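Chains as they are written, first to last, in my numbering: chain A, 1 to 250; chain B, 1 to 250.
All residues carry an ideal CB built from backbone N, CA and C; glycine is no exception.
Being a predicted model, the structure only gives us computed values, none of them experimental.
Written out below as C-alpha cells is the structure these notes cover.
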DNA sequence: TAGGCACTTGTTGTATACATAATGAATTCA
DNA sequence: TGAATTCATTATGTATACAACAAGTGCCTA
C-alpha cells in the first residue's frame, strides 16, 4: 500500500516506532515540535492504530512528551539533562559491575567480555586512529557494555540500564566522526580502554566495590566527551546528537 | 455504556490502565496468565483500542510481558528479581540524595522533607504502633521519598526512580498489616526513621557521599522487611505483595 | 479599528469492522 | 488406540469510520 512494504515479517507498529524514532534522532522532528498523527501515518506508511501504539511506546521510552490537550511532542533535553542521564547510567552500570563481581561470574562467562576488550585494545593502539577504527570502536564498546550488563545476572537491573542507556558513542551520524578529529577524543578512548581492563580485573578478583567505582568513573568520560563536543560545535548542530546520547537501546 | 461510567474527565485509556493494573496487583490476574483483550474490554468497560494502549503502557511499565505469538501475559517475578529491584531503587535514590546535597538544596526547599520526617517521628514513637499508624507511615514514607527525589533537581533521575520504584510499604492490602504484628517490623521502622534523619543531616551539611551511602543502606531495609515477610507467610500468599513491591508509580 | 462571537477546519479519542494467524477439537487413517 | 491432519473458532493486528474537542479564522458589531 505504501512505498516501502519491505520486510513483512515486522509488524506495522514496530516499523512505525523505528521510523518515528529515526525521524526524532536525526532531527527531522525537532525538539518541542508537535507530532501530527496523520503526518506520521503518511511518513511511516502504517495506519493510525499502529502509529498511536508507536507514539505511546516512544513516550514511555522518554523521547516524546504527552501534551495535556492531547497528542505528543518531541521531548527537549537540556545539557544538564544529558549529563544527569550519563551519571544515572554510570551509577546503574556500576551496580551491574558490582553484581558481576560479587555473584561470581565464571571464567568462561567472562570470555566474550575479554574478547571485546582485546578487540578494543587493537583499535585504540593505532595512532592516529582512523575514522573506521572509531566507527568500529562504537560497535565494540556497545558490545562490551551489553555483555557487562548481562554478566550482572539481574534482569531488573538490565531493564533499567536499557532505559537509562545513554550511549555516548552510539551516534551513527557524525557525532563521533567530528570527535575523531580531536586528539583529545583519542586520549579519552585510551582511558576508557584502561577502565575496561580495570573493571574486568576487579570482577575476576571479586572486588565488587572497586568494579563499581571504576564503572561510575568510566561513565563520566562520556560527560567529558560531551563537553568536548559542545565546545567544538554549535549548539544547534548538536541537538540531534544530544538526543542520540539520551536515546535508549539504539 | 458500561456499568461504571463515573468520572468522565479521565480518558478511557487511563481508566483501562488503572483497572488492569489493579487487577494485576491484587492478584486477580495471576503471574504468567495471558491477558485476553476481549475479557479486558468487558472488565474495564473501555473498547479495544484504549485497552490495547493500556496494555502497551503496562508492558513498558514492566508489569506485562509481550508474547511472541501476540498478546501479553502478566509478568512473573522471582524473589531475586524483587531484591534486585530494591537494590536498584536504593542505588538511584542514593544518587538523588547525593544530588540534593551537592547541588545545594536550600533550607526552604528542605522544609517539606523535614516536615514529613517529623510526622514520621511522631508515628514510630508509639509502642506498640497501631495499625493506623502503620498505614499512615506508608503514606508519609512515600511522601518523604517523593520529596527527596524532587530535591535531586534532576528530571531524568526522577524518571528513572519512578520506573524503579519498588515501594516496600506501598501495599494497601495486607502486606504491611501482616507485618505490623511482628515487633521486628517496628524495629525496622525505627531504623528507617533514623536513616531519614541522617540523610537530611547529610544534605544540610553538603555531605554528598554520606547522603548517598545512607540512602543505599536505607533501601536494604526493604529487603530485610521482605525476607521477614517471606519467612512469616506462605509464598503463594505473597505473590500479589511481591508484585506490589515491584510495581512502579502507585 | 478593535474586540468578540460564531463557524469552519483539523485534530485526537474512541469504537468497530475486517483480515490474518494461532489454537484447539474432531475426525480419519494407520 | 494413537497420532496426524484438517477444519472451525477465536484471538490479535490493522484499517477506517465516527464523535468530541480544540484551535484558528473570518465576519459582524460596537
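- With contacts defined as CB atoms closer than 8 Å, residue 92/B and residue 75/B fail to qualify as a contacting pair.
- Rounded to whole angstroms, the gap between the alpha carbons of residue 59/B and residue 137/A is 33 Å.
- Annotation: the continuous beta strand (DSSP E) that includes residue 65/A extends over 64-66.
- With the rule of 3 Cβ pairs closer than 8 Å, the region 92-107 of chain A counts as touching the region 140-153 of chain A.
- It is roughly 6 Å from the alpha-carbon of residue 124/A to the alpha-carbon of residue 190/A.
- Contact with chain A is absent for residue 71/B, since none of that chain's Cβ atoms lies less than 8 Å from the residue's Cβ.
- Here residue 199/A has 97, 148, 211, 214, 215 and 218 as same chain residues with Cβ atoms under 8 Å from its own Cβ, once five neighbours each way along the sequence are excluded.
- Burial is judged here by how many other beta carbons sit within 10 angstroms of a residue's own beta carbon; residue 128/B has fewer than 16 and is exposed.
- Within a 10 Å sphere around the beta-carbon of residue 116/A sit 16 or more other beta-carbons, which makes this residue buried.
- Secondary structure of residue 74/A (DSSP, three-state): strand.
- Residue 34/B is bridged by DSSP to 73/B.
- Spatial neighbours of residue 12/B in its own chain (CB-CB distance under 6 Å, excluding positions within 5 residues in sequence) are listed in chain order as 46 and 50.
- If you check the CB distance, residue 162/B and residue 140/B do not come in under 8 Å.
- Of all alpha-carbon atoms in 20/B, 31/B, 24/B and 114/B, the one lying nearest the alpha-carbon of residue 196/B is that of 114/B.
- When DSSP states are grouped into helix, strand and coil, residue 46/B belongs to the coil group.
- Listed along chain B are 87, 88 and 91, each with a C-beta nearer than 8 Å to that of residue 95/A.
- Three or more beta-carbon pairs separated by less than 8 Å are not found between the region 30-42 of chain A and the region 24-42 of chain B, which leaves the two stretches without contact.
- With 16 or more other Cβ atoms from the protein chains shown falling within 10 Å of its own Cβ, residue 203/B counts as buried.
- In terms of Cβ geometry, residue 73/B and residue 53/A do not form a close pair [threshold 8 Å].
- In this structure, the CA atom of residue 107/A is about 40 Å from the CA atom of residue 25/B.
- If you ignore the 5 residues before and after residue 14/B, its C-beta comes within less than 7 Å of no other C-beta in its own chain.
- Assigned with DSSP and collapsed to three states, residue 10/A falls in coil, not helix or strand.
- For the C-beta of residue 157/B, the chain A residues within less than 7 Å are, from N- to C-terminus, 84 and 88.
- Judged by their CB atoms, residue 88/A and residue 160/B are nearer to each other than the 8 Å cut-off.
- Neighbours of residue 81/A in chain B, taken as residues whose beta carbon is under 9 Å from its own, are 154, 155 and 156 in chain order.
- Residues of chain A whose Cβ lies closer than 7 Å to the Cβ of residue 56/B are, in chain order, 53, 56 and 57.
- Per DSSP, residue 128/B lies in no alpha helix (DSSP H) and is assigned neither H nor E.
- At the C-beta level, residue 48/A and residue 61/A stay beyond 8 Å of one another.
- Only 49 from the region 32-49 of chain A bring a Cβ to less than 8 Å from some Cβ of chain B.
- In the structure shown, residue 151/B adopts helical secondary structure according to DSSP, grouped into three states.
- In this structure, DSSP gives residue 26/A a state outside helix and strand, which the three-state scheme calls coil.
- Only residues of its own chain outside the window of five on either side were considered, and among them 151 and 203 have a CB closer than 7 Å to the CB of residue 105/B, listed in chain order.
- Cα atoms of residue 68/A and residue 34/A: separation of roughly 12 Å, rounded to the nearest angstrom.
- Within chain A, the residues placing a beta-carbon under 7 Å from that of residue 164/B are 160, ordered along the chain.
- Straight-line spacing of the CA atoms in residue 228/A and residue 126/A works out to 21 Å.
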